[in-house]
Amino acid sequence: MFLTDSPIDVAGLLREARSSDGALCLFVGVVRDSNDGRATTSIRYEAYGPMAETQIAGIVEELAGEHPDVRLAIRHRVGELSVGEASVAIAAVSPHRAEAFAVCRAAIDRIKTTVPIWKKEFHPDGSSDWVDPTR
Amino acid sequence: MFLTDSPIDVAGLLREARSSDGALCLFVGVVRDSNDGRATTSIRYEAYGPMAETQIAGIVEELAGEHPDVRLAIRHRVGELSVGEASVAIAAVSPHRAEAFAVCRAAIDRIKTTVPIWKKEFHPDGSSDWVDPTR
Amino acid sequence: MRVEVLYFAAFRDAVGKDGETCELADRSTVADLWGALARRVPYFARFPVMPPAAVNREYAGPETTLVAGDEVAFLPPVAGG
Amino acid sequence: MRVEVLYFAAFRDAVGKDGETCELADRSTVADLWGALARRVPYFARFPVMPPAAVNREYAGPETTLVAGDEVAFLPPVAGG
Chain A
215 MFLTDSPIDV
225 AGLLREARSS
235 DGALCLFVGV
245 VRDSNDGRAT
255 TSIRYEAYGP
265 MAETQIAGIV
275 EELAGEHPDV
285 RLAIRHRVGE
295 LSVGEASVAI
305 AAVSPHRAEA
315 FAVCRAAIDR
325 IKTTVPIWKK
335 EFHPDGSSDW
345 VDPTR
Chain B
215 MFLTDSPIDV
225 AGLLREARSS
235 DGALCLFVGV
245 VRDSNDGRAT
255 TSIRYEAYGP
265 MAETQIAGIV
275 EELAGEHPDV
285 RLAIRHRVGE
295 LSVGEASVAI
305 AAVSPHRAEA
315 FAVCRAAIDR
325 IKTTVPIWKK
335 EFHPDGSSDW
345 VDPTR
Chain C
2 MRVEVLYFAA
12 FRDAVGKDGE
22 TCELADRSTV
32 ADLWGALARR
42 VPYFARFPVM
52 PPAAVNREYA
62 GPETTLVAGD
72 EVAFLPPVAG
82 G
Chain D
2 MRVEVLYFAA
12 FRDAVGKDGE
22 TCELADRSTV
32 ADLWGALARR
42 VPYFARFPVM
52 PPAAVNREYA
62 GPETTLVAGD
72 EVAFLPPVAG
82 G
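Protein chains in written order, with the working numbering: chain A, 215 to 349; chain B, 215 to 349; chain C, 2 to 82; chain D, 2 to 82.
Now the structure itself:
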């Protein structure tokens with residue numbers, strides 16, 4: 215299960231390293247207080263749950279095939295998040311750092327483009343909109 | 215103070231993000247159980263302390279100049295470390311992920327080449343050697 | 002035949018529901034289903050091309066042939082992470 | 002004039018101490034100091050080129066002129082992180 219509606223235990227991902235791993239690269243996406251110049255009070259993440267799980271599992275499998283030495287752990291939050299909360303956390307552990315960085319980066323890039331998760335931003339004036347990264 | 219002889223509070227670095235930061239990239243170097251095919255039982259990190267502090271401060275300043283939106287936190291451990299312990303931890307926080315990854319990666323690369331810190335590996339047979347990355 | 006259509010995010014807001022059962026001719030494709038929806042929902046009619054679609058939770062192209070009971074979703078631009 | 006020379010890691014092991022005070026002619030350079038050490042320490046004599054050096058905790062090239070009281074370190078290849 216990659217999706218969760220509870221706060222992500224980011225610190226827990228630091229324990230992913232095996233004794234053969236010399237490098238851990240962790241990426242955390244955090245809800246920030248503005249986007250495109252507009253203030254944000256909270257964000258609601260909505261997923262097509264079963265498909266999102268399958269897609270993330272596919273990304274993990276793909277990257278494991280490309281980089282057999284690297285192990286990945288991924289958590290994505292859904293539901294209502296406040297500013298400062300982690301929306302996604304990805305840990306890549308590896309014997310060496312180059313692969314840890316590369317796999318962590320590739321994982322978040324692929325998640326952002328292929329996993330069916332959407333976010334609605336809420337603004338201080340009570341309005342809200344779905345984020346459209348193509349616009 | 216970037217150097218410490220106590221365990222690095224890696225989870226503490228996760229609190230570096232400001233409310234304007236949407237991305238946190240954390241790198242952790244971990245003592246692993248072997249290197250170049252030889253088993254390792256522990257590693258002793260030795261620093262030219264005052265110069266290492268100055269050099270790391272210089273890296274932070276350089277990267278802040280190149281990427282003004284990014285903030286960096288760096289801790290490097292010195293002394294005797296067991297397998298699995300964090301030797302270095304770097305957190306880069308930024309509004310967007312590309313810079314967070316780039317700055318985190320640049321910081322560890324520059325640390326590994328310019329900061330006067332050395333490591334001595336101890337092996338199960340009681341022998342030890344200084345790691346020479348140029349050999 | 003009948004297929005289940007799911008709506009998410011902006012699409013759900015536009016249609017006003019999470020999903021519905023649609024009646025289609027046998028051997029209809031994903032593109033046929035989109036065409037039927039676009040004739041009925043003004044918001045969909047404004048799309049110059051069909052958005053990404055999934056059949057039974059896997060991405061599927063417009064020429065994919067549907068079978069009875071398929072779960073079909075048209076996906077707004079994703080913005081996860 | 003006198004300068005303080007510091008030894009770290011493999012260099013300390015080779016010399017057998019953390020550092021020492023060295024007596025040098027006025028206006029000596031970092032390269033002159035290295036030459037003097039290499040004449041005395043067989044381990045240093047084997048280096049084909051001078052290793053990286055620091056004067057007063059900043060990297061300094063071989064032509065850097067030393068002044069009395071400088072803190073000089075020759076640095077084994079670094080391997081931090």
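Beta carbons: idealized from backbone N, C-alpha and C, even for Gly.
As the structure is a prediction and not an experimental result, all values here were calculated from the model.
Where the beta strand (DSSP E) through residue i begins and ends
i: A/Phe216; result: Careful: A/Phe216 lies outside any beta strand (DSSP E) and carries neither H nor E.
i: D/Arg47; result: Premise fails: D/Arg47 is in no beta strand (DSSP E) and is neither H nor E.
i: A/Ala287; result: Arg285 to Arg291
DSSP beta-bridge partners of residue i
i: A/Phe336; result: A/Ser256 and A/Ser342
i: B/Ser248; result: B/Ala253
i: C/Tyr60; result: C/Ala55
i: C/Asp3; result: Here residue 3 of chain C turns out to be Arg, not Asp, going by the sequence shown. According to DSSP, C/Arg3 bridges with C/Glu24.
i: B/Ala231; result: In the DSSP output, where bridge partners are listed per residue, B/Ala231 has none listed.
i: B/Phe241; result: A/Cys239 and B/Ile304
i: C/Phe75; result: C/Ala54
i: B/Glu294; result: B/Arg258
i: B/Glu331; result: As written in the sequence, residue 331 of chain B is Ile, which differs from the Glu given in the question. In the DSSP output, where bridge partners are listed per residue, B/Ile331 has B/Ala261.
i: C/Thr66; result: C/Thr30
Boundaries (first-last residue) of the alpha helix (DSSP H) holding residue i
i: A/Glu275; result: Gly263 to Glu280
i: D/Gly36; result: Val31 to Arg41
i: B/Glu313; result: Arg311 to Thr328
i: C/Ala10; result: Ala10 to Val16
For residue i, the nearest candidate out of the options (CA to CA)
i: D/Ala26; options: D/Val73, D/Glu72, D/Pro43 and D/Thr66; result: D/Thr66
i: A/Ser342; options: C/Gly70, C/Ala10, C/Ala46 and C/Glu64; result: C/Ala10
i: B/Arg319; options: B/Ile222, B/Ala287 and B/Glu335; result: B/Ala287
i: A/Thr328; options: C/Glu72, C/Glu64 and C/Tyr60; result: C/Tyr60
i: B/Ala261; options: D/Val79, D/Met2 and D/Val16; result: D/Val79
i: A/Arg291; options: A/Glu275, A/Leu240 and A/Ala266; result: A/Ala266
i: B/Asp339; options: B/Ser256, B/Gly236 and B/Arg229; result: B/Ser256
i: D/Gly20; options: D/Val73, D/Gly81 and D/Val31; result: D/Val73
i: A/Phe241; options: B/Glu275, B/Ala306 and B/Val297; result: B/Ala306
i: A/His310; options: A/Phe336, A/Ser234 and A/Val245; result: A/Ser234
i: A/Ala312; options: A/Thr348, A/Trp344, A/Arg252 and A/Val284; result: A/Val284
i: B/Leu277; options: B/Val317, B/Phe336 and B/Asp219; result: B/Val317
i: C/Ala69; options: C/Phe12, C/Arg28 and C/Tyr44; result: C/Arg28
i: B/Asp250; options: A/Met215, A/Val244, A/Gly236 and A/Asp247; result: A/Gly236
i: C/Asp33; options: C/Glu5, C/Glu64 and C/Asp71; result: C/Glu64
i: A/Ala300; options: A/Arg246, A/Ala231, A/Arg229 and A/Cys239; result: A/Arg246
i: B/Asp219; options: B/Trp332, B/Asp346, B/Arg289 and B/Glu280; result: B/Arg289
i: D/Ala39; options: D/Asn57, D/Phe12 and D/Arg58; result: D/Phe12
i: C/Val31; options: C/Phe75, C/Gly81 and C/Gly82; result: C/Phe75
i: A/Leu217; options: A/Cys239, A/Gln269 and A/Arg232; result: A/Gln269
i: D/Ala37; options: D/Asn57, D/Asp14, D/Gly81 and D/Val4; result: D/Val4
i: C/Glu50; options: C/Gly62, C/Val56 and C/Arg58; result: For clarity, residue 50 of chain C is Val in the given sequence; the question names Glu instead. When each option's Cα is compared against that of C/Val50, the closest is C/Gly62.
i: C/Pro77; options: C/Asp71, C/Met2 and C/Tyr44; result: C/Tyr44
i: A/Glu335; options: A/Ile222, A/Leu238 and A/Leu295; result: A/Leu295
i: B/Ile222; options: B/Ile304, B/Ala321, B/Arg258 and B/Lys326; result: B/Ile304
i: A/Val297; options: A/Asp346, A/Thr348 and A/His337; result: A/His337
Residue i CB to nearest heavy atom of the ligand NAD below 7 Å
i: B/Trp332; result: The ligand NAD is not part of the structure shown, which contains no ligands of any sort.
Neighbour flag for residue i against chain F, beta carbons, 8 Å
i: A/Val345; result: Of the chains in the structure shown, none is chain F; the protein chains are A, B, C and D.
Mind checking the region 221–246 of chain B against chain A and listing, in chain order, the residues whose C-beta falls within less than 7 Å of any C-beta there? Val224, Ala225, Leu228, Ala231, Ser233, Ser234, Asp235, Gly236, Ala237, Leu238, Cys239, Leu240, Phe241, Val242, Gly243, Val244 and Arg246
Contacting positions in the region 19–36 of chain C - beta carbon closer than 7 Å to chain A: none
Going along the region 244–274 of chain A in order, which residues come within less than 8 Å of chain C, judged by CB to CB distance? Tyr259, Glu260, Ala261, Tyr262, Pro264, Met265, Ala266 and Thr268
Residues within the region 307–321 of chain B neighbouring chain A, beta-carbon criterion of under 7 Å: Pro309, Arg311, Phe315 and Arg319
Just by C-beta distance, which residues in the region 277–293 of chain B are closer than 8 Å to chain D? His290
The region 2–16 of chain C: positions lying closer than 8 Å to chain A by Cβ: Leu7, Phe9, Ala10, Ala11 and Asp14
Relative to chain D, which residues along the region 321–341 of chain B have a C-beta separation below 8 Å, given in chain order? Ile322, Ile325, Lys326, Thr327, Thr328, Val329, Pro330, Ile331, Trp332, Lys333 and Lys334
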